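Below is one structure, written out as structure tokens, with a few remarks after it.
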Amino acid sequence: MIALGLFNYWAVILLMMVGFYTLIARGNLVKKLIGLNIFQTSVIMLYVSMGKVAGGTAPILVEGAEHVVYSNPIPHVLMLTAIVVGVATTALGLSLVVRINEAFGTVEDDELRDESL
Amino acid sequence: MDDLVVLRVGTKILIPFILLFALYVQFHGDYGPGGGFQAGVIFAAAYVLYALVFGIGNALRVMPAKVVYACGAVGVMIFVGTGFVTMGLGGVFLDYNVLAHEPSHGQHYGIIAVELGVLVTVFGVMVAIFYAFAGRRRLDP
Amino acid sequence: MSQHLPVLIVVVPLLLAPLAALVGNWKAAWIVAAAASWWAFGVSIALVRRVLAEGTISYEIGGWAAPYGIEYRIDLVSAFVAMIVATIGAVAIIYARTSVRAEVSEDRGALFYSAFILCFTGLLGISVTGDVFNIFVFLEVSSLSAYALIAMGQDRRALTAAYQYLIMGSVGATFIVIGIGLMYSMTGTLNIADLAERLPAVADNRTIPVAFTFLTVGITLKLALFPLHLWLPNAYTYAPSAVTAFIASTATKVAVYLLLRFFFTVFGAEFSFEQMQLDKVLMPLALVAIVTMSLVAIYQDNVKRLLAYSSVAQIGYMVLGISFASVLGVTAGILHLFNHALMKGALFMAMGCVMYRVGSVRLERMKGLGKKMPWTMAAFVGGGLSLIGVPFTVGFVSKWYLVQAALERGMWPVAAVVMFGSLLAVIYVWKVVEVAYFQEADPDDDIREAPLGLLIPTWALVIASFYFGIDATTTADIATRAAEVLLGVGP
């Protein structure tokens, strides 16, 4: 049952491997980017689940309430930055794919390799 | 899109509320959940909705691509500029305490200024990305 | 003013980068970009002098005290790396004015300079910040703008090169974030100095070795250590010449700085090298990189690609120095950071001159260039001598330290490999020299010497690489003291 108690890590690792596998194994440039996105999302989950404190609530100060347990907000804030980075990476990657498609007429890895020779 | 009356009227009704919600998120960003990034995305979402329904030509008339790019740059300068103002007032970089007589007020002003910069940049960049992809013509088969 | 210097080196370029995009016209954008890089150059020199005089400088952003707020912490290593980046940036921007106009279309000029300054800002930010998550943010700032810069190359293969770099670079950065996250989960802090204090208490937990592994893979991807170097040759070959010269001499150097920072400061040399036995991984990879990549370089007929493979081999030398984990070895690594930045910058700039006049850097197009572009090819020979490690060049100084570090450990076969690497460098440099000087040119094409706007920055780096080769006391002194800071010995 210990293994199940860490289910958030299992989910993280599953997502991470799905993303990483897609990134490596797929030849289509768009699919590679999707894989990269899933891979980065798994990291977001790793951080956010790390910040959860059992029984904790959102870290907003309420007047009159004492002895409230708060979740750790720092990992959430860090992931806000990581999401922005992910958006920027995806946008840049997709714009490169669009231009590759215009220049080579394909977005398949193996066809690109033949074209480049 | 002249025949899609429901869509056009519905969009026209929705857009003001989306923009208002963006401002709500923006101005709660100092001491509560929310802030410039979310507000900027919501703002851009309203604009993208407009562009999708009324066509990118109309959208470009409302806000030409140049203005959008400028937004992206100006926002960063607002953010960094706030830091320079605090340095000019004798604090360290982004030390909001020096912005007002009372430190807690200074924190309010500082966060609002910085979030405004974030809002402008995020809005500009989101719409710029939309323009870049939507404005491209399809390749000849 | 002067107490703000640690943050001003980053935020002034950060303020000027969007301004360069705003002005729209490439000439005005160039002036803005030049102002940013020369400002950073001046500040970096001031910082090195202050660190040498007063020791580590700390600056708390927003007035929040160190372990909670973001701290900029500049010790000798950071100041030295920031100085390398700023120096190359300041020289490269002068070079870019002429080179970029020829290679990048005019309407993209302003955006080019904006991206250039952003990349510059990111690299400086990595070297001055004292917060691990801040490192990731600056890493992405510099990488994303670098992908965009590479994609602006003339050849359409620049696009695929940029895409490949984007995928591998993002994977590397994500690995680094995972490592940072695992460290955060064990210690609850992101400040480098604070992490260094808290990590030993939890080092027995299995999480920390996992974090260490993720960081190692992530950083070695970014610095293109041998099996993870695949993105580098294409990116360097197809990027615009000014970008290649800038990125080749800064981006991988900053990644080496990350390696030093994480393994020596955050984890500590004892954990990294005795408990995790990192040297057993790094040293063989470095040696393989030196030999195989030099061999591959010999068989290239595109000179930019030849130099790119030679860069991977040279990264091997730096990592080899670090893997000794001794003061002498780390000194050699840090010295080679600086020296390689000078010589590779000069070599890629010379190739940019050839690109400017000939329009190609393939070997068969370079016949007889020794007569037609004497200054350019002389600069190439100067840089090449340094690459080989001929006495009175910077390359000799770093190899001297490297061989000494190997002999100090009694590893004479390693010293032999270093020598063998130099021998291979002779072959690939000679290949270019032979074509340029000893083969007859086509009589009917009229190729002239490159303009002064390109020659002056190129020669500035060549002369620097000879100057610091003859009088190495300043750089060697700073590198030794930096190595002592990293290893925690000495004052």
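Residue numbers (our numbering), protein chains in the order written: chain A, 1 to 117; chain B, 118 to 258; chain C, 259 to 749.
Idealized CB from N, CA, C, for every residue including glycine.
A quick note: this is a predicted structure, and the numbers were derived from the prediction, not measured.
Over what stretch of residues does the alpha helix (DSSP H) that includes residue i continue unbroken?
i                      : result
residue 464 of chain C : That residue, residue 464 of chain C, is in no alpha helix (DSSP H); it is neither H nor E in DSSP.
residue 63 of chain A  : Element bounds for residue 63 of chain A: n/a, residue is neither H nor E.
residue 401 of chain C : 390–409
residue 528 of chain C : Neither: residue 528 of chain C is in no alpha helix (DSSP H) and is coded neither H nor E.
residue 52 of chain A  : Element bounds for residue 52 of chain A: n/a, residue is neither H nor E.
residue 524 of chain C : Taken as a continuous stretch (DSSP letters only), residue 524 of chain C belongs to no alpha helix (DSSP H), as it is neither H nor E.
residue 492 of chain C : 489–496
residue 175 of chain B : 173–179
residue 609 of chain C : 585–616
residue 364 of chain C : Where residue 364 of chain C is concerned, there is no enclosing alpha helix (DSSP H), given that its DSSP letter is neither H nor E.
residue 635 of chain C : 632–646
residue 514 of chain C : 499–518
residue 486 of chain C : No alpha helix (DSSP H) holds residue 486 of chain C; DSSP gives it neither H nor E.
residue 743 of chain C : 731–745
Residue range of the beta strand (DSSP E) that residue i falls in?
i                      : result
residue 351 of chain C : First-last for residue 351 of chain C: 334–361, but that is the alpha helix (DSSP H), not the beta strand (DSSP E).
Using DSSP with H/G/I as helix, E/B as strand and the rest coil, what is residue i?
i                      : result
residue 331 of chain C : strand
residue 695 of chain C : helix
residue 258 of chain B : Annotation note: pLDDT 39 at residue 258 of chain B (below 50); position unreliable, coordinate value reported separately. Three-state result, residue 258 of chain B: coil.
residue 70 of chain A  : strand
residue 130 of chain B : helix
residue 651 of chain C : coil
residue 706 of chain C : coil
residue 715 of chain C : helix
residue 283 of chain C : coil
residue 145 of chain B : coil
residue 667 of chain C : coil
residue 534 of chain C : coil
residue 6 of chain A   : coil
residue 412 of chain C : coil
residue 121 of chain B : coil
residue 629 of chain C : helix
residue 292 of chain C : helix
residue 307 of chain C : helix
residue 75 of chain A  : helix
Return the bridge partner residues of residue i from the DSSP annotation.
i                      : result
residue 317 of chain C : C:330
residue 108 of chain A : A:28
residue 101 of chain A : Its beta-bridge partners do not exist; DSSP assigns none.
residue 449 of chain C : C:389
residue 113 of chain A : According to DSSP, which records beta bridges pairwise, residue 113 of chain A is partnered with nothing at all.
residue 620 of chain C : C:560
Measure the C-alpha to C-alpha separation of residue i and residue j and round it to an integer number of angstroms.
i                      : j                      : result
residue 200 of chain B : residue 491 of chain C : 40 Å
residue 257 of chain B : residue 627 of chain C : Residue placement at residue 257 of chain B is poorly supported in this model, since its pLDDT is 42, which falls under 50; the coordinates still yield a value, given next. Looking at the two C-alpha atoms, the distance is approximately 43 Å.
residue 278 of chain C : residue 238 of chain B : 15 Å
residue 123 of chain A : residue 747 of chain C : Absent from the model: residue 123 of chain A. The displayed extent of chain A is 1 to 117, so no value can be given.
residue 743 of chain C : residue 227 of chain B : 37 Å
residue 640 of chain C : residue 720 of chain C : 6 Å
residue 325 of chain C : residue 448 of chain C : 7 Å
residue 692 of chain C : residue 412 of chain C : 28 Å
residue 717 of chain C : residue 427 of chain C : 32 Å
residue 701 of chain C : residue 616 of chain C : 14 Å
residue 517 of chain C : residue 333 of chain C : 16 Å
residue 243 of chain B : residue 482 of chain C : 32 Å
residue 270 of chain B : residue 163 of chain B : In the structure as shown, chain B begins at 118 and stops at 258. Residue 270 of chain B is therefore absent and cannot be evaluated.
residue 729 of chain C : residue 221 of chain B : 55 Å
residue 469 of chain C : residue 85 of chain A  : 21 Å
residue 736 of chain C : residue 533 of chain C : 29 Å
residue 12 of chain A  : residue 344 of chain C : 40 Å
residue 650 of chain C : residue 367 of chain C : 39 Å
residue 450 of chain C : residue 43 of chain A  : 21 Å
residue 606 of chain C : residue 619 of chain C : 11 Å
residue 386 of chain C : residue 336 of chain C : 6 Å
residue 58 of chain A  : residue 65 of chain A  : 13 Å
Between residue i and the ligand MN, is the CB less than 7 Å from at least one heavy atom?
i                      : result
residue 562 of chain C : Here there are no bound small molecules, and the ligand MN is not part of this structure.
Quick one, which residues of the region 76–105 of chain A are near chain E if we go by CB-CB under 8 Å, in chain order? Reference to chain E is not applicable here, since the protein chains of this structure are A, B and C.
Could I get the ranges of all uninterrupted beta strand (DSSP E) runs contained in the region 194–234 of chain B, with 3 residues as the minimum, in chain order? none
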